[in-house]
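Numbering (the working numbering), first residue to last: 124 to 978. A short worksheet on the structure shown next.
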RNA sequence: GCCCGCGUGGUGGAAUGGUAGACACAGGAGACUUAAAAUCUCCAGGCCUUAGUGCCGUGCCGGUUCGAGUCCGGCCGCGGGUACCA
């Protein structure tokens, strides 16, 4: 009998699929279309287990849909712009383009053996001139519709390297290469007007029923709609009013001071006038630009000397402070602080000795405040300085009362604000899509003409490869690329040297897949046929930015005529898989030459003497469990080793089994071998069934078990319960192995087993199908349907509980009525004993489930 | 800091508010074999000098319920996001 040899089977059937071209997607009006998409990878050059898990899940869906009669689009590409390529060029020479395309070749080579049902003919990379040229065309169309504009924004600035840093390049407030303290600096940059769509992006979330609730909630919080009061504080020096926005106007009588952002116009004016203010503002601008850095950094304040009057009491003066934790981007960049009811204001007031005036009290509590009292808006509190007398109100009611009063008296108005800021897309980098505009001394900022697209990245500089060892953006110092003619007046002009955020690249690739070679960004007919993405699969780490930006882009593309109306929400269903995690191994004894932590690969370390050590040097290693697999942390497991040893089906089976798809999975090497053993066993069982002859017993029972397996495995596949499907397949395999049924019955059951396994282990299933005389390819054979009449059970076993604890069980006919079941239960030995002749207080009978006797 | 998620045996995990630990990994015992590998069968949450089907048990504390891993409140721990990583 032939043995299971994965390498032979897998190459044989991959070739068969390719020859039959069954995964090439062509529009077909006679079949329902199904577009399944996994988030495309960054071409790091190394396929890791997270990729394998992600693509295998998508492949299970795609293959199941193919078998259930759908016309499936299942494409793959690469999110190929971005900093790692430039970092690599800086670290070890070479060119980002060569590095990236080399990695893409490597990754395609690593992916092909997995046997994914991908339409490779549609593959592209976002760094293809063809792709980013179309992206430039989109940019120009957006510009024309007013969806793009320029304004100032802050970036992380490294004063030693004289370059902009990404947040990840800022470590503890210092530049990762230079070690210099990072500053916030303002540059003029391009922005997408995503904030115009705040309300729509928020309300449309309700329609995304097949998205995880947690992703919708995360986006809702991110968009951050709030209702509040906007009003002006009058300056005692006669200057222009300071407009503030507050979500808690009910605390206005507890106001202690007015705070403005260091980037507020008043602060900027003072900065120009006073060296002291300039020094303070400069201090505020030290540190990174991330929300986290600003929130967790030390709270700093500076009393400007400006005084304002309280809107409800002209004799009440409040000081105006510049505070480093106030963001210019949110609200009006100015607040009033009520330290009694805001923890941050409380700390600030305590530090700078400002008054703390309670507005309301906890109806249940007493004593002076030692920290801010911050009840939720739904909680009832007793107002002592509110707007509705001393009534007990919820915060919500208090806010409404305050807004009503302000509007009635005409000194303020209720407004809605959003946390969502416009999307800054400018990056001061080389390896990205050039922003297709020209700066002309006479005409200003001029869009490139579409016929001049693509504005391609220059590969050389004066005939030599671009030098990435010099700090700064190579495009900035590339005269022959930078110098151009104004598309408007024809005079000498200069190109924009900023490139686009890589999130732009990934915000429309799903649309490009529907017509990857079109000479416009999309082909509307193809988009109408294939869109929307029926099932999108990717990591939860993309829950906010990528998915929100794509939703915005789909709307912008609809407005500019590149997508149909129905594609405003481009992803009908979303599934967020968990991450594949793995322990990190940190060298505990030394750092690298730049003082940074050294991370070791799993293969480089060993466990001994109760510790973990580097094999070669014997250095001690700190083990940090369950961290996201990340290239920079060197905790990436190589799936190719498993494929080499056991074959792709084993790797696929293994990543789907055990862990539920939405949960993180900690990678451990053990288990892959066991998966392989199981697949070998399945192959052997199929081979035995194929060779079997004669009659047996229990054909009907095997048939019933087969149909149960069809029902349960199908349900698992349809609901992303792949681990549940696999558990059922184990069970069904055991049943088949032990069955005494006749040859014909066993062969039919084994064929069903091959079909049910085919989305997960497609090669093995083809081999089994072939062995058992199945017609054609199992990949295209119609998916089996469970016969309901075979699934009905005649009797059911009910547990009997006494006071909620299991004390026995009874087996009764499935349809026995409740009274009859109760009678039987009360006659049960354990119940009789427990009642000891008395009457039960209560008997609960849940048909088909349980009986609980309360004694 | 803020937002989101997760926490069940030695391990991965199962369980529409209804028998906690399905299915598997690692482990143990046995069968087959000259032997090994492979394969097959069985055992397996913890506790106890009472081995009962007894008590305890789903991160911790409390609540709702006839009944809570599941729902609610409060903690603790871990992970993700935090707008220039992708």
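Glycine included, C-beta positions come from ideal geometry on N, C-alpha and C. What you are looking at is a predicted structure, and each value in this text was computed from that prediction instead of being measured.
Inter-residue Cα distance where the pair is residue i and residue j
| i | j | result |
| --- | --- | --- |
| residue 566 | residue 579 | 23 Å |
| residue 699 | residue 315 | 26 Å |
| residue 980 | residue 371 | The structure shown does not extend to residue 980, since the chain is modelled only from 124 through 978, so no value can be given for it. |
| residue 641 | residue 545 | 30 Å |
| residue 276 | residue 462 | 30 Å |
| residue 173 | residue 164 | 10 Å |
| residue 850 | residue 384 | 57 Å |
| residue 280 | residue 497 | 37 Å |
| residue 470 | residue 443 | 17 Å |
| residue 581 | residue 573 | 19 Å |
| residue 162 | residue 170 | 14 Å |
| residue 901 | residue 877 | 8 Å |
| residue 540 | residue 362 | 26 Å |
| residue 517 | residue 921 | 49 Å |
| residue 404 | residue 455 | 18 Å |
| residue 975 | residue 955 | 13 Å |
| residue 213 | residue 589 | 11 Å |
| residue 591 | residue 141 | 41 Å |
| residue 733 | residue 778 | Interpretation of residue 733 is limited by its pLDDT of 49, a score under 50 that renders its predicted location unreliable; the figure taken from the coordinates is listed afterwards. Cα-Cα distance, rounded: 30 Å. |
| residue 338 | residue 627 | 20 Å |
Local conformation of residue i per DSSP, three classes
| i | result |
| --- | --- |
| residue 131 | helix |
| residue 682 | helix |
| residue 932 | strand |
| residue 733 | Its pLDDT being 49, under 50, residue 733 is placed unreliably in this model, and the coordinates cannot settle the point. |
| residue 173 | helix |
| residue 218 | coil |
| residue 961 | coil |
| residue 227 | helix |
| residue 921 | strand |
| residue 534 | coil |
| residue 477 | coil |
| residue 878 | helix |
Pair within 7 Å by beta-carbon distance, residue i and residue j
| i | j | result |
| --- | --- | --- |
| residue 935 | residue 968 | no |
| residue 798 | residue 816 | no |
| residue 667 | residue 341 | yes |
| residue 781 | residue 702 | no |
| residue 424 | residue 475 | yes |
| residue 644 | residue 685 | yes |
| residue 675 | residue 178 | no |
| residue 427 | residue 440 | no |
| residue 325 | residue 346 | yes |
| residue 895 | residue 813 | yes |
| residue 658 | residue 287 | no |
| residue 495 | residue 466 | yes |
| residue 806 | residue 224 | no |
| residue 569 | residue 610 | yes |
Bridge partner(s) assigned by DSSP for residue i
| i | result |
| --- | --- |
| residue 550 | 622 |
| residue 872 | Bridge partners of residue 872: none, in fact. |
| residue 700 | 662 |
| residue 349 | 540 |
| residue 444 | 382, 426 |
| residue 466 | In the DSSP output, where bridge partners are listed per residue, residue 466 has none listed. |
| residue 611 | In DSSP, residue 611 forms no bridge with anything. |
| residue 389 | The partner list for residue 389 (beta bridge, DSSP) is empty, contrary to what the question assumes. |
| residue 366 | 355 |
| residue 776 | Residue 776 pairs with nothing; no bridge assigned. |
Of the residues the options, the one placed nearest residue i, counting alpha carbons only
| i | options | result |
| --- | --- | --- |
| residue 959 | 925, 933, 973, 974 | 925 |
| residue 232 | 811, 152, 762, 304 | 762 |
| residue 180 | 784, 426, 625 | 784 |
| residue 400 | 410, 359, 446, 363 | 446 |
| residue 946 | 965, 928, 929 | 965 |
| residue 373 | 813, 483, 245, 220 | 483 |
| residue 542 | 571, 663, 583, 451 | 451 |
| residue 458 | 771, 695, 356, 557 | 356 |
| residue 531 | 377, 378, 352, 547 | 352 |
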